[in-house]
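Novice: Attaching a single structure in structure tokens format; questions to follow.
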Amino acid sequence: MFDWAYLDSVGEEIGRSDRFDDPDSAEEWISVSWRDLADIGVEEVALFDHARGCCVYRMGLGIE
Numbered sequence: 513m514f515d516w517a518y519l520d521s522v523g524e525e526i527g528r529s530d531r532f533d534d535p536d537s538a539e540e541w542i543s544v545s546w547r548d549l550a551d552i553g554v555e556e557v558a559l560f561d562h563a564r565g566c567c568v569y570r571m572g573l574g575i576e
């Protein structure tokens with residue numbers, strides 16, 4: 513299972529997405545949802561792999 517942690521400007525977790533069966537599904541969801549998350553103040557997201565118990569990667573959502 514995979515999900516996204518929503519992070520604020522100092523890297524503190526402020527929420528989480530629903531869980532996904534695989535990383536492709538999680539990445540597809542973030543590709544259409546990132547702007548809505550940025551609009552509500554999410555600065556960065558981190559993809560978590562719950563089977564391995566680790567963060568796969570982090571990604572900023574800033575619009576420059």
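Sequential numbering from 513 applies to the sequence shown in my numbering.
For each residue, glycine too, the CB sits at the ideal point set by N, CA and C.
Where does Val465 land, buried or exposed, given buried means 16+ other C-beta within 10 angstroms?
Specialist: One cannot answer for residue 465 here, as it falls past the ends of the chain, which runs 513 to 576.
Novice: Mind checking Tyr569: buried by the 16 CB within 10 Å criterion, or exposed?
Specialist: So Tyr569 ends up on the exposed side.
Novice: For the beta strand (DSSP E) containing Arg570, name the first residue and the last one.
Specialist: Run containing Arg570: Cys566 to Gly572, per the beta strand (DSSP E) assignment.
Novice: DSSP beta-bridge partners for Asp515?
Specialist: DSSP, once it has assigned bridges, lists Phe560 as partnering Asp515.
Novice: Under the assumption that Trp541 contacts Ser529 (Cβ atoms under 8 Å), give the Cβ distance between them as a whole number of angstroms.
Specialist: Indeed, because the Cβ distance is near 7 Å, the residues count as touching under 8 Å.
Novice: What span of residues does the beta strand (DSSP E) with Arg528 cover, start to end?
Specialist: Run containing Arg528: Glu525 to Arg528, per the beta strand (DSSP E) assignment.
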